[in-house]
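A short worksheet on the structure shown next.
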Amino acid sequence: MAKNRGKSAPQRPTQRAAPQRAGRPIVAIVGRPNVGKSALFNRLAGARLAIVDNTPGVTRDRLYADARVYGRDYVLVDTGGLDPESEDPLKQSIAAQVHVALAEADVVICVLDGTAEPMPADREAVRLLRQSQVPVLHVANKIDNSNLSHQAKALYRLGMSDLHEVSALHGHGTGDLEQALSRALPASSDDEPSEEAAASEPTPPKIAIVGRPNAGKSSLVNRLLGEQRQIVDERPGTTVDSVDALYERDGDPLVLIDTAGIRRKRAVEGGLETLAVLQAIRAVERCDTVVLLVDATLGASQQDARIAGLAIERGRGLCLVLNKIDLLKPEQRDAALKKAKDVFAFAPWAPTKRISARTGQGVSALMKQVRTVTANRSKRIPTGEVNRFFEEILSHHPPPTSGGRSVRLYYVTQVRAAPPVFMVSTNHPDRVHFSYQRYVANQLRERFGFEGTPVVVHYRSHDKKRA
Ligand code: GDP
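Note that the numbering used here has the sequence shown beginning at 815, numbered continuously upward.
In structure tokens, the structure reads:
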């Protein structure tokens, strides 16, 4: 229940819509441990979690998820849990969480325990959030039934002008919270620019350079841009995106989304790891190809695997990069590559490049690869050509029968590019075995050169297609 009891409290622009930014908006949940952040996260993300968890090979802990409110898609992030490699979950202070959320999120949800006296960390969070321009929703959680409502009273003394009393566990009050959230989201932006729009207004492909802190992102961007750094986007209200830079060497221009540059500008203290994840999420949302930098001396982390998984879910091109190769002996280089292949085993089609941003070794080969991947992602295969190949596949390796029924695949068309999506018409869409689906996708990838891009193949009932 949203209540406006704090009439005397200082008024803040809680419902002001954030400036419009490209990609899905990011909603960050902050709060001290044990207030029920993950319960609220699960409640808001709801059934969508199941979809997100499906990415093959990526064990996704639930720290960010696709969510939808009133028809708007957004990315929900549990900011408190984003740094799984920090041994001490409390290490990440509330101030760091809040700073990171304010730097990168479009809306912040601050969760408080509605059944407890506010603690110093709660006061600090509310105080820091009060100064922000980002819309903030305050939540008194654990109000499992209306009898408990009086317990939230203590929280009103913190002086926020809104407080949504909810039970994340049971769902009470979350409808009102979602309504408030939908109002707080930034005005709908170019979530998924249509292909028509892309065709009429050609813009250079966007390349997101992401990775953990110190992976060498700035070093790479500096090497690529040198002194000729040119800021692409300086429109007011798009400050977050203002470190996009144009890269114009060896061919058509590319826009580099330099997430490290964002960090420098904002000089956020603490929570660097978390910030890097949030920036990566945002950059993945609005790019064509992801260049994921890994410090080769440390190897790839689960966090890196999650970002790669997100890139695949979003249908982005993916280049994996082992940086700082100059610090490794030749025999260590092969071991590093093998290790990376293991971590990213769910995307064997993503090229892995070894570079040194410091010496420049491998950098131009990397950029060549980035261009190839980006082009592969936009390729369109004529229907005749793809069907001729499909017939070959079927004659060599027809789909296995399923439950005694023969599965027929009739024809295939590419229905979309960037990323490539194919539609196969069949008599039994539900009976095409997963391993056979993978076989078909791999065959298409090999034959038509889709290295570095996810390839999506849907199966549709023959009759429906005709209808
Ligand atoms: P970012 O946080 O990802 O932007 O990382 P930086 O570009 O700031 O690099 C972190 C540190 O690693 C800096 O001290 C860099 O000089 C160093 N570094 C980056 N790339 C390389 C490399 O290829 N070789 C070596 N030896 N050091 C590197």
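We put the beta carbon where it would ideally sit given N, CA and C, even for glycine.
None of the values given here were measured: they were computed from a predicted structure.
Any heavy atom of the ligand GDP within a distance shorter than 7 angstroms of the CB on residue i?
i: Arg1172; result: yes
i: Gly1030; result: yes
i: Lys1167; result: no
i: Leu1089; result: no
i: Lys1143; result: no
i: Lys1155; result: no
i: Ser1275; result: no
i: Asn856; result: no
i: Pro1027; result: yes
i: Ala1074; result: yes
i: Asp1140; result: yes
i: Asn1137; result: yes
i: Ser1239; result: no
i: Ser1178; result: no
i: Ser1033; result: yes
Hey, is residue i's beta-carbon within less than 8 angstroms of any beta-carbon in chain B?
i: Tyr1225; result: In the structure shown, chain B cannot be found, because there is only a single protein chain.
If you drop the 5 nearest sequence neighbours on each side, which residues of the same chain put their C-beta closer than 7 angstroms to that of residue i?
i: Glu901; result: With a pLDDT of 47 at Glu901, under the threshold of 50, the modelled position of this residue cannot be trusted; read the value that follows with caution. There are no such residues.
i: Leu1124; result: Ile1095, Val1098
i: Ile1195; result: Gln1228, Phe1262
i: Leu781; result: Residue 781 is absent from the structure shown; the chain starts at 815 and stops at 1281.
i: Gln1251; result: Val1271
i: Val1246; result: Pro1213, Val1221, Thr1240, Tyr1273
i: Val912; result: Val844, Ala939, Leu942, Leu943
i: Leu969; result: Leu926, Gly928, Pro932, Ala954, Leu977
i: Arg1049; result: Note that Arg1049 has pLDDT 44, beneath the 50 cutoff, so the model's placement of it is unreliable and the number below is only indicative. For Arg1049, where only same-chain residues beyond five positions count, there are no Cβ hits under 7 angstroms.
i: Asp1066; result: Pro1018
i: Val849; result: Val925, Leu926, Asp927, Asn955
Does the Cβ of residue i have 16 or more other Cβ atoms within 10 Å, making it buried, or fewer, making it exposed?
i: Thr1188; result: buried
i: Lys1182; result: exposed
i: Lys967; result: exposed
i: Ala1179; result: exposed
i: Arg1130; result: buried
i: Val1184; result: buried
i: Glu899; result: Low confidence applies to Glu899: its pLDDT is 49, below 50, so where it sits in the model is not reliable, and the reading given next is rough at best. With fewer than 16 other Cβ atoms within 10 Å, it is exposed.
i: Ala982; result: buried
i: Pro870; result: Per-residue confidence for Pro870 stands at a pLDDT of 41, beneath the threshold of 50, marking its modelled position as unreliable; the derived number appears in the next sentence. With fewer than 16 other Cβ atoms within 10 Å, it is exposed.
i: Asp927; result: buried
i: Arg1100; result: buried
i: Gln1093; result: buried
i: Pro1268; result: buried
i: Leu1034; result: buried
i: Pro903; result: Here Pro903 scores only 48 on pLDDT, less than 50, and its place in the model is too uncertain to base an answer on.
i: Phe1158; result: buried
i: Gly1174; result: exposed
i: Leu1141; result: exposed
i: Asp1102; result: buried
i: Thr1197; result: exposed
Below 8 angstroms CB to CB, which residues in the same chain sit around residue i once its five sequence neighbours on both sides are set aside?
i: Arg1274; result: Met1237, Val1238, Ser1239, Thr1240, Pro1243
i: Ile865; result: At Ile865 the pLDDT is 40, less than 50, meaning the model places this residue with poor confidence and gives no usable figure here.
i: Ser996; result: Val883, Tyr884, Arg886
i: Lys1153; result: Gly1113, Ala1114
i: Val1200; result: Val1226, Thr1227, Gln1228, Phe1236, Leu1258, Phe1262
Beta-carbon within less than 6 angstroms of residue i's beta-carbon, same chain only, minus the 5 sequence neighbours each way: which residues are those?
i: Glu1206; result: none
i: Leu991; result: His978, Val980
i: Ile908; result: Arg846, Ala935, Glu938, Ala939
i: Ala859; result: Ala879, Ala881, Leu890
Is there contact between the segment 1145-1157 and the segment 1111-1122, where contact requires at least three CB pairs shorter than 8 angstroms?
yes
Inspect the CB distances between the segment 1211-1218 and the segment 1064-1072 and report whether three or more fall short of 8 angstroms.
no
Does the structure place the segment 884-894 close enough to the segment 845-858 that three or more beta carbon pairs sit under 8 angstroms?
yes
Residue ranges of each beta strand (DSSP E) run of no fewer than 3 residues wholly in the segment 1113-1151, ordered along the chain?
1131-1137
Identify every run of the beta strand (DSSP E) within the segment 1058-1111, keeping only runs that are complete inside it and at least 3 residues long; order them along the chain.
1058-1061, 1068-1072, 1103-1109
Quick check: the segment 1160-1177 against the segment 1119-1138, are there 3 or more CB pairs under 8 angstroms?
yes
At least 3 beta-carbon pairs within less than 8 angstroms: the segment 925-936 vs the segment 834-851
yes
Beta strand (DSSP E) runs wholly inside the segment 1197-1273, at least 3 long, in chain order
1223-1230, 1235-1240
Which ranges does the beta strand (DSSP E) cover as unbroken runs of at least 3 residues, wholly within the segment 933-973, from first to last along the chain?
950-955
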